[in-house]
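One structure below.
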Amino acid sequence: MTDTVLETENLAVTYTGDRRVEAVKGVDLAFPENRLTAIIGPSGCGKSTYLKALDRLHDIQPNVEITGEVYLRGEPVYDTDEPAPEIRKQVGYVPQEPTALPLSIYENVAYGLRIHGLFDSKDDLDELVERHLRKVNLFEEVSDRLDAPAAGLSTGQIQRLCLARSLAVEPDVLLCDEVTSALDPISAENVEETLAELAEEYTIVMVTHSMDQAKRLADEVVFLYLGEVVETNDVRSFFEDPQHERTKRFVSGPTDDEYAVSDAT
Amino acid sequence: MGEHSGGSGSGAGDDGRSPRIGRRLLVERLSSYWLRGAGYFAVGLFAAIVVALLYQSLPLLAEYPLSEVLLSSNWDPAQNQFGFFPAIVGTVYVTILSMAMGAPIAVLAAVYIAEYAEGRTRTLVSSFIDVLAAIPSVIFGLVALVVVVPFVGNYLAPAVGADATGLGILTVSLVMAIVVTPFMISLSVESLEALPDELRESSLGVGATEWETIRSVLLRAAGPGIFSAVLLGFGRVFGATIVPAMLIGGQTQLPDSVFSTGQTLPTLIVNDFGELMSLPLTQSALIFVGLLLVVVVWLFNFAAMLVRRRLQRRWQYQ
Ligand SMILES: Nc1ncnc2c1ncn2[C@@H]1O[C@H](COP(=O)(O)OP(=O)(O)OP(=O)(O)O)[C@@H](O)[C@H]1O
Ligand SMILES: [Mg+2]
Chain D
1 MTDTVLETEN LAVTYTGDRR VEAVKGVDLA FPENRLTAII GPSGCGKSTY
51 LKALDRLHDI QPNVEITGEV YLRGEPVYDT DEPAPEIRKQ VGYVPQEPTA
101 LPLSIYENVA YGLRIHGLFD SKDDLDELVE RHLRKVNLFE EVSDRLDAPA
151 AGLSTGQIQR LCLARSLAVE PDVLLCDEVT SALDPISAEN VEETLAELAE
201 EYTIVMVTHS MDQAKRLADE VVFLYLGEVV ETNDVRSFFE DPQHERTKRF
251 VSGPTDDEYA VSDAT
Chain W
1 MGEHSGGSGS GAGDDGRSPR IGRRLLVERL SSYWLRGAGY FAVGLFAAIV
51 VALLYQSLPL LAEYPLSEVL LSSNWDPAQN QFGFFPAIVG TVYVTILSMA
101 MGAPIAVLAA VYIAEYAEGR TRTLVSSFID VLAAIPSVIF GLVALVVVVP
151 FVGNYLAPAV GADATGLGIL TVSLVMAIVV TPFMISLSVE SLEALPDELR
201 ESSLGVGATE WETIRSVLLR AAGPGIFSAV LLGFGRVFGA TIVPAMLIGG
251 QTQLPDSVFS TGQTLPTLIV NDFGELMSLP LTQSALIFVG LLLVVVVWLF
301 NFAAMLVRRR LQRRWQYQ
């Protein structure tokens, strides 16, 4: 048995804007240490909403109601005195859209290190930036232009830069929201390889549209449907022996037309 | 034009195209001419204005060297003295003071509205700002006459030991700051709101506070847009006519403090426009002032465009 890093208890997220949308309806899940968990499910089923709730990223938006609790290494994430930035530091988040901060490549990785003062000297910072760029297989590609604006990189490179930026502050868990879906096939493959390597030493929760990607990368798979967990299992049992009718249909290929459309993009 | 003209002759029937696509292509071509025409018209109009102003300024420039006109402090058209220096100084004072007061407030207010205000507060505040932006500036001038002028004359000036009636450069600057700030706020809010949420999430996600996110990420990413907003404000203050005409007091000497009365380039035109236009050289002098205003605004916009382009290419957010 491995330890649980992150856990949710009856976590529900409701958008209370013009229209009331119960995007996540009471989800209980546990994410074990050093495992990669893939969350799959059709478009609009609440995957991104759930993922953001794990990092308290809904806090910045009005009209979002959150009930239930998230536990990070046993400590509550919402009902706590610890300030949100300290919690978010321990939970890395990489959004779906490759997003370079309007800074240089170097400063993108150094961003969190500077905020939290996680280095002793300039040399130390250089070393940390290089180490994390190497971790995402980006250092060789950008070593000659570390001071260039990060926005000039390709989207695949930006996505790996985002991974490096998140990892630089040494989070306990890394959340990735469909990090390959906005990329061309080659870049997607690069990012996926990087994720496979990272999965060996990090706890990762990854949202994906792609069944194949889940099969290739995941240790555990969660099937989310209309804001509820339908089934969760280790990757082999999940795909070879799905327990629920709905999972069977979803897994047995693109009969679900929503799935077919979104996976093609 | 040459390579396009072939198409217009080929009627619907000649090459087997259906009459429908023929008609659609005709409309397409006509509308593109039309749009291009409208675009060229704007450029032509600007050129025509500059040429007309320049042409009418020539009589003055033929009599007096440019340096004398720009640097002499004597403005007395009846005596054929045409020195714009006091008006130039007044304009520079007013512009710098207004922008120094208005721009920082505009940026902070925009950050508050776009990033902190929520729900009804936000709707309320931003709708008030839009209303303020839409009020004709003559109203601000009127209100200022009964509020700001006595305040500056009776309290502010005595407090710093200056002697003033309340009309003057500082009063104009204050009021112009109030006039342009809502504009700058609206536009800055727009550019902050246009930023993708992923930018905020990425920064918060590594543990930055909201203020750190605003300072190091959002203001930088929205920089080109906020920069344009401030520039637009600058243009409005620089060319402002009615508020300075009502509140600056008017005199021909160089202003010796921010409380002193003065004039700006636009007030020079407005004040002397009626009676003195009958003197040919005066007319030419006032038109030259107009030319000066147009050229400065144009140069400024041009420089601003270059800077904005560079910023945009660098960070690629707007
Ligand atoms: N800010 C919001 N306000 C209101 N409703 C929202 C908001 N964001 C998402 N929703 C709704 O919540 C539901 C879940 O959305 P979410 O983005 O979590 O789905 P998803 O599984 O990530 O979908 P996708 O695969 O398309 O990314 C959807 O019905 C969506 O329309
Ligand atoms: Mg999503």
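Read top to bottom, the protein sequences are chains D and W. Quick note: the first sequence, position 106, residue 106 per full-length UniProt numbering, numbers continuous. Quick note: the second sequence, position 248, residue 248 per full-length UniProt numbering, numbers continuous. All residues carry an ideal CB built from backbone N, CA and C; glycine is no exception. Note that the structure is predicted; figures quoted are calculated from it, not measured.
(request) Mind listing the chain W neighbours of L133/D? Cutoff is C-beta to C-beta under 8 Å, in chain order. (result) Within 8 Å Cβ-Cβ: nothing; L133/D doesn't reach chain W, min ~15 Å.
- From the beta carbon of S202/W, is the nearest beta carbon of chain D less than 7 Å away? Yes, because at least one Cβ of chain D sits closer than 7 Å to the Cβ of S202/W.
Contact under 7 Å by Cβ, A12/D with V24/D
Contact: yes.
Supposed contact pair C176/D and V222/D - C-beta distance, whole angstroms, cut 8 Å
No, V222/D and C176/D are not in contact; Cβ-Cβ is about 14 Å, not under 8 Å.
> When the cut-off is 7 Å and only beta carbons count, does T209/W lie next to chain D?
Replying inline: At least one chain D Cβ lies under 7 Å of T209/W.
Alpha-carbon spacing of Q263/W relative to M184/W, whole angstroms: Using only the alpha carbons, I get a separation of about 25 Å.
**Report entry** Whole-Å CB distance - D147/D paired with S187/D, under 8 Å assumed
**Finding:** The Cβ separation is near 23 Å, so there is no contact.
Consult DSSP for T8/D and reduce its assignment to one of helix, strand or coil. Assigned with DSSP and collapsed to three states, T8/D falls in strand.
Which term fits E127/D, buried or exposed, when burial requires 16 or more other beta carbons within 10 angstroms of its beta carbon?
If you draw a 10 Å sphere on the C-beta of E127/D, you find fewer than 16 other C-beta atoms in it, and that means exposed.
- In angstroms with no decimal places, state the Cα-to-Cα distance between R165/D and D241/D. Using only the alpha carbons, I get a separation of about 38 Å.
Can you give me, in chain order, the residues of the stretch 214-228 of chain W that have a beta carbon less than 7 Å from any beta carbon in chain D? Flagged, chain order: V217, R220 and A221.
With a 10 Å radius around its C-beta and 16 neighbouring C-beta atoms as the bar for buried, classify R135/D as buried or exposed.
The question names Arg, but residue 135/D is Lys in the sequence shown. Per the 10 Å Cβ criterion, buried.
To the nearest angstrom, how far is it from the Cα of G83/W to the Cα of G235/W?
-> Distance from the CA atom of G83/W to the CA atom of G235/W, rounded to whole angstroms, is 23 Å.
Quiz item: Of all Cβ atoms in chain D, is any one closer than 7 Å to the Cβ of R314/W?
Solution: Yes - at least one Cβ of chain D is within 7 Å of the one on R314/W.
* What residue range is occupied by the uninterrupted beta strand (DSSP E) comprising Y71/D? -> Unbroken beta strand (DSSP E) run through Y71/D: V64 to L72.
### By C-beta, the residues closer than 7 Å to any heavy atom of ligand 2, given in chain order
That gives K47/D, S48/D, Q96/D, D177/D, E178/D and V207/D.
TODO: Examine chain W for any beta-carbon lying closer than 7 Å to the beta-carbon of R19/D, and answer yes or no.
DONE: Cβ-Cβ to chain W under 7 Å: no for R19/D.
- Tell me whether L29/D sits in a helix, a strand or coil according to DSSP, three-state version. Three-state DSSP puts L29/D in a strand.
| query | Quick one: Cα of V152/W to Cα of T181/W, how far? | reply | Note on geometry: alpha-carbon atoms of V152/W and T181/W lie some 20 Å from one another.
- Query: At a Cβ threshold of 7 Å, is G233/W touching chain D?
  - Reply: For G233/W, no CB of chain D lies under 7 Å from its own CB, so it is not counted at the interface with that chain.
Just to make sure I have the definition right: I need the residues of chain W whose C-beta is within less than 7 Å of the C-beta of Y111/D. Which are they?
Within 7 Å Cβ-Cβ: V206.
Quick check on G13/W: does DSSP put it in helix, strand or coil?
Residue confidence for G13/W is low, a pLDDT of 47 falling below 50, so the modelled location carries little weight; the figure read from the coordinates is stated next. It is coil, neither helix nor strand.
V237/W: which of L54/W, I96/W, M246/W and D130/W sits nearest, CA to CA? Of L54/W, I96/W, M246/W and D130/W, the residue nearest in Cα terms is I96/W.
query = Who are the Cβ neighbours of E170/D in its own chain at under 8 Å, not counting the five residues just before and after it?
reply = Contacts found: L118.
Residues of chain D with CB closer than 7 Å to the CB of E212/W, please, in chain order. Below the 7 Å Cβ cutoff, chain D contributes I115 as neighbours of E212/W, in chain order.
Open item on the list: I want to verify the contact list: residues of chain W whose CB lies under 9 Å from the CB of R88/D, in sequence order.
Closed with: For R88/D, the C-beta contacts it makes with chain W under 9 Å involve L204, G205, V206, G207 and A208, in order along the chain.
Mind listing the chain W neighbours of G92/D? Cutoff is C-beta to C-beta under 8 Å, in chain order. Going along chain W in sequence order, the residues near G92/D (Cβ under 8 Å) are G205 and V206.
Any Cβ of chain W within less than 7 Å of the Cβ of P76/D?
With 7 Å as the cut-off, P76/D does not count as an interface residue toward chain W.
For T14/D, the three-state DSSP class (helix, strand or coil): When DSSP states are grouped into helix, strand and coil, T14/D belongs to the strand group.
DSSP state of T265/D mapped onto helix, strand, coil: Since pLDDT at T265/D reaches only 40, below the 50 mark, its modelled position is unreliable, and no value is offered.
- L199/W at chain D interface by Cβ criterion, 7 Å: It does; some Cβ of chain D falls within 7 Å.
| For R215/W, which three-state DSSP category applies? | R215/W: helix per DSSP, three-state reduction.
Examine the Cβ distances between the stretch 263-277 of chain W and the stretch 290-299 of chain W and report whether three or more of them are shorter than 8 Å. With three or more CB-CB distances shorter than 8 Å, the stretch 263-277 of chain W counts as touching the stretch 290-299 of chain W.
CB-CB under 8 Å to Y156/D, same chain, minus the five flanking residues each way: which ones, in chain order?
The sequence shown places Gly at residue 156/D, rather than the Tyr named in the question. Sequence-distant partners of G156/D (beyond 5 residues in either direction) whose C-beta falls short of 8 Å from its own C-beta, in its chain, are P98, L183, D184, I186, S187, A188, N190 and V191.
Item to complete: Report all residues from its chain with a CB closer than 7 Å to the CB of E258/D; omit the five preceding and five following residues, and keep chain order.
Response: With a pLDDT of only 46 at E258/D, under 50, the local geometry of the prediction cannot be trusted, and no value is derived from it.
Review point. Using the beta-carbon of each residue, which ones in chain W are nearer than 8 Å to D234/D?
Key: Simply none; closest approach about 28 Å.
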